[in-house]
Each structure stands twice: as C-alpha cells, then as structure tokens.
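Undergrad:
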Amino acid sequence: MQMLQNAGACEYCKETHLKKQEILDTGDTMRYKSVQEGIFLRRPNRFIAHVITEGKEEVCHVKNTGRCKELLIPGAKVYLEKSSNPNRKTKFDVIGVEKGNLLINMDSQIPNKAAGEWLAKGNLFSGSALIRPETKYGNSRFDFYVEDCGRKAFLEVKGVTLEDEKTAKFPDAPTLRGVKHVLELGECVRAGYEAYLLFVIQMKGVRKMMPNWETHPEFGEALIKARDQGVHILAYDCLVEADRIEIMDAVPVSLERPE
C-alpha cells in the first residue's frame, strides 16, 4: 500500500492537525534513560529475571511476558533501564538483549510508542492526519484510529522479537487475542474502513517476516483471511541501540503456508 498523498491544502487536515497534537505526544519518546549492561542468569517467572550488573546480582522486571526462550539464556548480555522510582521493588527493567550479532529490543510497550511516533512523522499517512490511540471498535480496542482527508483507518501493532535464520516470526506463543484482532480488522474493511496490521520488528538484520506456523498456525490462517478481505499487512524493522529504537525499513511479508 502506497503512502497516502500529503494533502496540505485539505481543510479537513488543517483542522485535525492540532487535534492530533493534543491526542498524541510526538516528542522523543523512544530514548531510554540510565541504561546499563548486565549478564542474564535466570528467569523464575514471566515477570522477573536475575541479572548480574556492576558486580551485583539484581532482581529485574522483564518488560515482556512472552516466552523469549531463544533470547533469555544464561550468560546472554542484556540491557537494563534503571527505574526513577526509588520505592519500586525492582530497580531495573530488562529492555534489550544480544543474540549473536543482533541487538534486540524486547520491551513489549515500545512497539506502540514507536508506531505512534512513526505515524505522527507522516509515514504511511500524511503528516496532517488525525491519530487517535487506543480506539474501540466492535468487540476490540485497536492501537490506532487514523483519519486523513476523509479516509478512515484502524491500525493494530504487533511487536516482534523472534528471529530464526534472518526471518522474523510472530507469535512466539499462541495468541487467541492476536487472532481476534486480526479477524476484526477484516470486519473493519467490510464496514468501509481501511485496516492495517503493522509488525514492528524490534531489531535490524532480518530479510522477511512470516507467521510462526509451528507455534500457532491459526494465527497464520487468520492473516491470510484478513489479507484476502483487504487488510494491509506491513512489517518494518527497527534501528536498535542500547538506549533507543526507531522504525526504519519495510520488510517483505510472506504468508505462504508450509508444505
């Protein structure tokens, strides 16, 4: 799908530009503060990890409740953000990890923030589009609702941290909620809206994006159905550094079923 043409002369866009500024903070939200390195030891549950940092073992909050088994392995180099809240039980958040020569951001909250900033900068839609996060439609709450010169669209974002031989895959665990969102994007198209599913690949270095057929084939089938209904399925990689992340380049999406 090509980017919508910039409609600077459109009165509708002029009126909604200020509304967008009120709805979405377009500041430099993708930069972390107080980042330091550590060595991963173990993860007793989904929420915490034991990490050696600056010579001391710390119990850290993991900002990703997914399995991440291929990432969080003993001895892996991780990146921590120190909390500014002195009363918090855990001092640090695990936000990134090195896998071979890849630096992967594993913060599950960051894809939506990165996508919001990316949209607000005029990517995909014009820079004058109205962008409203967390908008309810039907039985779902989609990550973004966008209006641009009378065009109306819903956009759902999925963060991707799973990489296998230069291929990004989603999901890393079965996700009934993800299937529901994908199918309801198709319902949006039937109702006359545009609909987009955006995979934010939280790393550089992948060559393509595909469903994780082995882990959740139903999600792959839902993607095929949604595509056939007119949902635009997009994937973009990210520039990832220890203290920042930015959406960068389009990555081909393959929905070919395995043999």
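The sequence shown runs 73 to 331 under the working numbering.
Built from N, CA and C at the ideal position, the CB exists for glycine as well.
This one's a predicted model, so the numbers in the text were calculated from it and none came from an experiment.
Quick check on L175: buried or exposed, where buried means 16 or more other Cβ atoms within 10 Å of its Cβ?
TA: buried
Undergrad: Tell me which residue opens and which closes the beta strand (DSSP E) that L44 is part of.
TA: Lying before the first or after the last residue shown, residue 44 is absent from the chain, which here runs from 73 to 331.
Undergrad: Reducing DSSP to helix, strand and coil, say where D179 ends up.
TA: The answer is coil: DSSP assigns D179 none of H, G, I, E or B.
Undergrad: Tell me, please, whether the segment 130-139 touches the segment 216-229 by the rule of three or more beta-carbon pairs shorter than 8 Å.
TA: Counting C-beta pairs closer than 8 Å gives fewer than three between the segment 130-139 and the segment 216-229, which falls short of the contact rule.
Undergrad: Mind reading off the beta-carbon distance from K135 to S106? Whole number of angstroms is fine, and I expect it under 8 Å.
TA: In fact, because the Cβ distance is near 14 Å, the residues do not count as touching under 8 Å.
Undergrad: Please state whether DSSP places L71 in a helix, a strand or coil.
TA: One cannot answer for residue 71 here, as it falls past the ends of the chain, which runs 73 to 331.
Undergrad: Check each candidate in E109, D244 and Q274 and name the one with the smallest Cα separation from M320.
TA: Q274
Undergrad: Measuring alpha carbon to alpha carbon, tell me which of M178, I111, L143 and T137 ends up nearest D315.
TA: M178
Undergrad: Keeping to the same chain, check which residues put their C-beta closer than 7 Å to that of N117; ignore five residues upstream and five downstream.
TA: none
Undergrad: Checking the sheet assignment: what are the DSSP bridge partners for F271?
TA: K230 and A307
Undergrad: Name the one or two DSSP bridge partners that A263 has.
TA: When beta bridges are read from the DSSP output, A263 appears opposite no residue.
Undergrad: Should the segment 301-309 be called in touch with the segment 265-284, which here means at least 3 C-beta pairs below 8 Å?
TA: yes
Undergrad: Which value, in whole angstroms, describes the spacing of the CA atoms of I120 and K154?
TA: 14 Å
Undergrad: Near V325, which residues of its chain fall below 8 Å by C-beta distance, leaving aside the five closest residues on each side in sequence?
TA: F271, K280, M281, M282, I305, L306 and A307
Undergrad: Check the DSSP bridge columns for I124 and list the partner residues they point to.
TA: I111 and E129
Undergrad: Taking the beta carbon of P183 as the centre, do at least 16 other beta carbons fall within 10 Å, making it buried, or is it exposed?
TA: With 16 or more other Cβ atoms within 10 Å, it is buried.
Undergrad: What residue does the beta strand (DSSP E) around G168 start on, and which one ends it?
TA: For G168, the enclosing beta strand (DSSP E) starts and ends at F164 to K171.
Undergrad: Applying the criterion that 16 or more other CB atoms from any shown protein chain within 10 Å of the CB defines a buried residue, is F156 buried or exposed?
TA: The sequence shown places Ser at residue 156, rather than the Phe named in the question. S156 comes out exposed.
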